[in-house]
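>
Residue numbers (my numbering), protein chains in the order written: chain A, 24 to 317; chain B, 35 to 407; chain C, 25 to 287.
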């Protein structure tokens with residue numbers, strides 16, 4: 024009886040995909056979540072536990088007692104900031120040329136950025152030592168030309184780290200900036216020009232503000248990735264001004280001080296998270312990681 | 035009181051400048067260039083450049099705006115040469131196809147932009163922006179961002195921004211291309227009203243002939259980098275000078291043949307051109323163009339009543355479409371010529387069924403004679 | 025409308041472009057050196073060190089090990105990444121955005137800290153220095169890359185095509201196999217190449233998690249960089265670089281084809 028009263032429209036079944044509980048795809052989230060819990064979250068918890076219990080929370084005291092560690096905290100932060108600033112100063116004009124140049128040129132410039140992006144970091148860093156060391160290409164050339172009498176100190180200092188890390192991280196700055204430039208409607212700058220703006224003014228008032236999302240995304244990702252860099256500072260940096268990641272490796276591998284190493288690691292992690300959190304106030308996390316690409 | 039105060043600055047905007055484009059040539063590697071284009075645009079005139087895409091109309095506009103430099107020829111505004119003057123110093127307002135509103139600025143800031151760039155005093159800027167927004171009826175939207183406005187509203191902002199600094203010339207590059215048909219028609223009226231009120235000189239680019247006919251004082255028909263004809267809508271419709279114009283503007287029947295002794299010879303048939311507009315050389319290839327409303331279609335059985343002076347052609351009805359006031363009918367002659375005619379609704383029913391035989395007739399004085407290729 | 029680039033800016037671009045590739049390119053000539061010393065410019069020309077690379081078990085077994093680990097990592101991260109991307113795009117559940125943050129996190133978290141943590145976890149699980157352990161570790165950082173490329177491909181996929189297939193009478197499984205899968209294949213291949221490259225290059229996790237018997241190529245190179253410098257290192261570097269470049273070129277080609285596929 025009730026069935027007879029059902030209006031005919033009801034006989035059409037609603038597409039099952041629209042119903043929230045019954046989507047067959049939902050269950051596929053579990054393998055990934057379990058994997059991340061065991062191999063990503065658990066390791067960080069283990070590290071935190073070690074830092075607090077092996078032998079105890081006094082592991083963190085090292086930052087107050089030994090100036091090497093407090094200085095490293097500052098070195099890490101300042102180096103990362105410096106690398107991000109230098110990378111921005113190089114990447115913005117580079118991205119702009121890619122944006123403004125003819126297609127073929129853009130493709131070449133794209134490949135130039137991509138190749139180092141995907142060639143082993145170790146190979147690249149090692150190659151920089153070939154150029155920068157005391158007997159390296161630059162010093163030999165300058166000595167032969169008579170420009171200098173003594174070889175210059177180009178690596179094993181902040182200069183070397185900045186060169187190596189800027190080189191390594193430049194693609195992460197170029198791509199978000201370039202893609203945000205591509206999203207700027209091409210008529211806007213010509214429009215500003217007809218309205219009376221000089222090329223410089225049109226750039227400053229229209230193009231630059233509209234490319235800022237890419238700049239922020241690039242700056243944050245380079246800054247954050249620099250904080251945890253290990254290979255480049257280890258090969259090109261000064262043995263005296265260590266970055267935190269170097270101290271972590273040193274404590275674990277050489278000193279076999281798991282507690283202290285973990286404590287330094289946790290401080291590095293918290294620093295990273297704090298900066299990321301501050302960054303997500305301005306742009307979304309996904310945009311930071313993927314450079315704003317869809 | 036406040037009303038008149040607000041309107042005050044606008045009356046000052048008036049008088050548009052005079053644009054002269056003389057023998058301008060611009061070539062690219064590929065097509066899209068222009069070849070010896072000359073146009074004089076009178077002060078306060080609304081001139082439209084109409085043509086198929088790639089015919090050079092946008093190139094001409096970019097040459098005037100200063101985004102391109104001509105290879106040859108000169109462009110002057112009020113007698114001053116523009117070549118070599120960068121876009122920002124030309125003082126020409128431009129409305130872009132996709133509006134080109136600055137997405138990071140409010141409507142007010144967008145309209146204020148050209149005034150701020152010119153370092154005009156704050157108080158004056160404020161009243162000019164208010165007056166411009168009032169003219170385009172967007173006063174209530176001043177504080178919004180462009181993305182919060184509809185397409186038609188964004189278009190009006192773009193217009194306000196282009197005229198707020200009282201340019202001597204307004205350029206518009208297919209400004210209605212992104213709007214739907216109904217809105218487009220409303221905006222045609224709106225833009226014409228605003229431009230008349232401002233007394234602005236306008237150069238308008240479109241590929242939509244209805245738009246061009248509805249808005250313009252004069253129209254320049256572009257084809258393959260050249261201007262085929264420059265004239266009023268009526269000139270172009272009634273007195274086309276080339277086959278391209280005749281074909282491009284409005285519907286027509288084109289009969290090709292060769293011209294001899296006051297008549298067009300089409301597949302052996304001599305069609306009189308007595309009193310027709312236009313002239314061609316004796317013996318040259320020519321075409322007669324007739325508008326649908328100048329053609330009369332009569333049943334094949336009633337040809338006796340046709341006066342001697344009129345031309346006639348026998349044809350077969352191939353298709354008829356009901357249009358409300360009349361029927362639009364296509365007929366084909368034995369020679370394969372397609373005739374485009376209107377048949378009144380009260381015509382005998384044997385005239386608008388496919389396969390019906392009919393005789394098409396017209397007064398040679400209502401036809402136009404143009405050179406053919 | 026052309027955009028003019030000032031000459032100064034052009035020169036700047038050229039210099040930056042050179043700086044981007046020059047450091048890497050010196051490695052290749054050095055690998056052909058005839059002398060036992062690693063230096064630039066190389067002395068003489070020989071393929072001697074290539075011979076050493078392929079015959080010395082230290083290098084050749086590390087290279088094979090690296091290939092094995094990269095291949096397994098690719099398979100595992102493809103399975104996980106595809107599943108997650110399908111669940112995130114097609115599934116209906118709460119908390120998608122924190123899950124997304126979690127999955128993408130390994131890209132920017134300090135890898136050294138992750139390495140230390142995994143070292144502790146692996147000690148407990150007794151899988152330190154095992155191939156399986158390295159594969160799992162590499163998957164942590166390869167999986168987000170696969171997820172990104174798969175979710176991009178799935179989003180670009182017009183769901184109307186699947187609806188059309190269903191309206192033509194195809195079952196869900198058939199639609200997935202004949203419509204969905206072929207259309208996301210370029211995304212799968214790109215993700216696979218990213219995953220392989222990531223593992224093939226990975227150093228820091230491997231330093232912590234390899235044992236004396238299971239060493240990847242980057243780890244052997246790392247040991248060499250710190251101790252003796254022989255041209256074999258340049259050979260290894262060249263080979264690592266060439267393999268990567270070939271893989272990336274494939275990825276780029278697939279990328280171009282994917283664009284061509286779009287209507």
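We treat Cβ as the ideally placed atom computed from N, Cα and C, and that holds for glycine.
With a threshold of 9 Å between beta carbons, is residue 399 of chain B in contact with chain A?
To locate residue 399 of chain B, count along the second chain from 1; it is residue 365. No - not a single Cβ of chain A is within 9 Å of the one on residue 399 of chain B.
> Kindly indicate which three-state DSSP category residue 125 of chain B falls into: helix, strand or coil?
For the purposes of this step, residue 125 of chain B is taken as the residue at position 91 of the second chain. In this structure, residue 125 of chain B counts as coil in the three-state DSSP scheme.
> Using the rule of at least 16 other Cβ atoms within 10 Å of the residue's Cβ for burial, across every protein chain shown, is residue 201 of chain C buried or exposed?
Taking the third chain and counting its residues from 1, one reaches residue 201 of chain C at position 177. Per the 10 Å Cβ criterion, exposed.
> Counting Cβ pairs closer than 8 Å, one from the segment 47-56 of chain C and one from the segment 244-263 of chain C, do we hit at least three?
Flag = yes, the segment 47-56 of chain C and the segment 244-263 of chain C touch.
> State buried or exposed for residue 41 of chain B, treating a residue as buried only when at least 16 other CB atoms are found within 10 Å of its CB.
For the purposes of this step, residue 41 of chain B is taken as residue 7 along the second chain, with counting starting at 1. Residue placement at residue 41 of chain B is flagged as unreliable, the pLDDT there being 39, under the threshold of 50; the coordinate-derived value follows with that caveat. So residue 41 of chain B counts as exposed.
> Does the separation of the CB atoms of residue 236 of chain B and residue 116 of chain B fall below 9 Å?
Numbered from 1 along the second chain, position 202 holds the residue referred to as residue 236 of chain B. Numbered from 1 along the second chain, position 82 holds the residue referred to as residue 116 of chain B. Result no, Cβ atoms of residue 236 of chain B and residue 116 of chain B do not sit closer than 9 Å.
> CA-CA distance, residue 119 of chain A and residue 204 of chain A?
Here residue 119 of chain A refers to the residue found at position 96 when the first chain is read from its first residue. Here residue 204 of chain A refers to the residue found at position 181 when the first chain is read from its first residue. C-alpha separation (whole angstroms): 8 Å.
> For the alpha helix (DSSP H) that residue 206 of chain B lies in, which residues bound it at each end?
The count along the second chain starts at 1 and reaches residue 206 of chain B at position 172. Not the alpha helix (DSSP H): residue 206 of chain B falls in the beta strand (DSSP E), residues 203-207.
> How about residue 60 of chain C: is its C-beta nearer than 9 Å to some C-beta of chain A?
Reading the third chain from its first residue, position 36 is the one you call residue 60 of chain C. False, the Cβ-Cβ gap to chain A never drops below 9 Å.
> Please work out which residues of its chain come closer than 8 Å, Cβ to Cβ, to residue 178 of chain C, disregarding the five sequence neighbours upstream and downstream, and give them in chain order.
Counting from one through the third chain, the residue named residue 178 of chain C turns up at place 154. If we look at residue 178 of chain C and ignore the five residues flanking it on each side, its Cβ neighbours are 109, 110, 113, 114, 208, 211.
> Please list the residues of the segment 78-95 of chain A that have a C-beta atom closer than 7 Å to any C-beta atom in chain C, keeping them in chain order.
Those would be none; no residue qualifies.
> So the beta strand (DSSP E) residue 300 of chain B belongs to, where does it begin and stop?
As a position in the second chain, residue 300 of chain B is number 266, starting the count at 1. Note, residue 300 of chain B: beta strand (DSSP E), 297-300.
> Against residue 115 of chain C, what residues of chain A qualify as contacts under a CB-to-CB distance less than 9 Å, listed in chain order?
Residue mapping note: residue 115 of chain C aligns to position 91 of the third chain, counting from 1. Simply 46, 47, 48, 49, 50, 51, 52.
> Taking C-beta pairs closer than 7 Å, name the residues in chain B that residue 232 of chain A reaches, listed in chain order.
As a working mapping, residue 232 of chain A is identified with position 209 in the first chain. Correct list: 138.
> In terms of residue numbering, what span does the beta strand (DSSP E) encompassing residue 330 of chain B cover?
For this step, residue 330 of chain B is matched to residue 296 along the second chain. Counting along the chain, the beta strand (DSSP E) containing residue 330 of chain B begins and ends at 330-333.
> What residue ranges within the segment 39-95 of chain C form continuous alpha helix (DSSP H) runs of no fewer than 4 residues, ordered along the chain?
Counting whole runs of 4 or more residues, the segment 39-95 of chain C contains the alpha helix (DSSP H) stretches 51-55, 72-79.
> If you drop the 5 nearest sequence neighbours on each side, which residues of the same chain put their C-beta closer than 8 Å to that of residue 254 of chain A?
Taking the first chain and counting its residues from 1, one reaches residue 254 of chain A at position 231. The residues are 144, 145, 148.
> Between which residues of its own chain and residue 190 of chain C is the CB-CB distance below 7 Å, once the five residues before and five after are set aside?
The residue labelled residue 190 of chain C in the question sits at position 166 within the third chain. Only 199 meet the Cβ criterion.
> With burial defined as no fewer than 16 other Cβ atoms inside 10 Å of the residue's Cβ, what is the status of residue 305 of chain A: buried or exposed?
What you label residue 305 of chain A is simply residue 282 of the first chain in a count that begins at 1. The residue in question, residue 305 of chain A, is exposed, as its Cβ has fewer than 16 Cβ neighbours within 10 Å.
> Of all the CB atoms in chain A, is at least one closer than 9 Å to the CB of residue 148 of chain C?
Your numbering for residue 148 of chain C matches position 124 in the third chain. Yes, contact with chain A.
> Between the alpha carbons of residue 150 of chain B and residue 159 of chain B, how many angstroms are there, rounded?
Position 116 of the second chain, counted from the first residue, corresponds to residue 150 of chain B. Position 125 of the second chain, counted from the first residue, corresponds to residue 159 of chain B. Whole-angstrom Cα-Cα distance: 8 Å.
> Count the other CB atoms, across all protein chains shown, that sit within 10 Å of the CB of residue 42 of chain C; report buried if there are 16 or more and exposed otherwise.
Position 18 of the third chain, counted from the start, is the residue given in the question as residue 42 of chain C. Exposed, by the Cβ-count rule.
> Listing by chain order, which chain A residues have their CB less than 7 Å from the CB of residue 69 of chain C?
Locating residue 69 of chain C in the third chain gives position 45, counting from the first residue. Chain A residues near residue 69 of chain C: none, gap ~18 Å exceeds 7 Å.
> What are the boundary residues of the beta strand (DSSP E) that residue 227 of chain A is part of?
Counting from one through the first chain, the residue named residue 227 of chain A turns up at place 204. Neither: residue 227 of chain A is in no beta strand (DSSP E) and is coded neither H nor E.
> Give me the DSSP bridge partner(s) of residue 263 of chain B.
Indexing the second chain from 1 puts residue 263 of chain B at position 229. Residue 263 of chain B is bridged to B:255.
> For the putative contact between residue 284 of chain B and residue 271 of chain B, defined by C-beta atoms under 8 Å, what is the C-beta separation to the nearest angstrom?
Within the second chain, numbered from 1, the residue matching residue 284 of chain B stands at position 250. Within the second chain, numbered from 1, the residue matching residue 271 of chain B stands at position 237. Right, their Cβ atoms sit about 5 Å apart.
> When the Cβ atoms of the segment 207-221 of chain A are set against those of the segment 174-194 of chain A, are three or more pairs found closer than 8 Å?
Too few Cβ pairs lie closer than 8 Å, so no.
> Strictly below 7 Å CB to CB, what residues from chain B border residue 229 of chain A?
Counted from its first residue, the first chain places residue 229 of chain A at position 206. Near residue 229 of chain A (Cβ distances below 7 Å), the residues of chain B are 136.
> So, for residue 206 of chain B: in the same chain, excluding its five sequence neighbours on each side, which residues have a beta-carbon less than 6 Å away from its beta-carbon?
Here residue 206 of chain B is taken as the residue at index 172 of the second chain, counted from 1. Counting only Cβ-Cβ distances below 6 Å, and skipping sequence neighbours, we find 129, 238.
> By the DSSP assignment, the alpha helix (DSSP H) with residue 301 of chain A in it spans what residues?
For the purposes of this step, residue 301 of chain A is taken as the residue at position 278 of the first chain. From DSSP, the alpha helix (DSSP H) with residue 301 of chain A extends over 281-303.
> Give the DSSP-derived three-state secondary structure of residue 133 of chain C in the structure shown.
Along the third chain, one-based indexing puts residue 133 of chain C at 109. Note: residue 133 of chain C maps to coil in three-state DSSP.
> Is it true that the segment 77-89 of chain A meets the segment 276-292 of chain A, where meeting means three or more beta-carbon pairs spaced less than 8 Å apart?
Touching, yes, given that three or more Cβ pairs across the two stretches are closer than 8 Å.
> Only counting the same chain, and skipping five residues up and downstream in sequence, which positions put a Cβ closer than 6 Å to that of residue 373 of chain B?
To locate residue 373 of chain B, count along the second chain from 1; it is residue 339. Closer than 6 Å at the Cβ level, and outside the excluded window around residue 373 of chain B, lie 287, 349, 365, 394.
> In angstroms with no decimal places, state the Cα-to-Cα distance between residue 146 of chain B and residue 92 of chain B.
Walking along the second chain from the start, residue 146 of chain B turns up at place 112. Walking along the second chain from the start, residue 92 of chain B turns up at place 58. Going from the Cα of residue 146 of chain B to the Cα of residue 92 of chain B covers about 27 Å.
> May I have the straight-line CA-CA distance separating residue 312 of chain B from residue 51 of chain B, to the nearest angstrom?
The residue you call residue 312 of chain B lines up with position 278 of the second chain. The residue you call residue 51 of chain B lines up with position 17 of the second chain. The straight-line gap from Cα to Cα measures roughly 34 Å.
> Quick one: what's residue 60 of chain B bridged to in DSSP?
Here residue 60 of chain B refers to the residue found at position 26 when the second chain is read from its first residue. Looking at the DSSP assignment, residue 60 of chain B forms a beta bridge with B:68.
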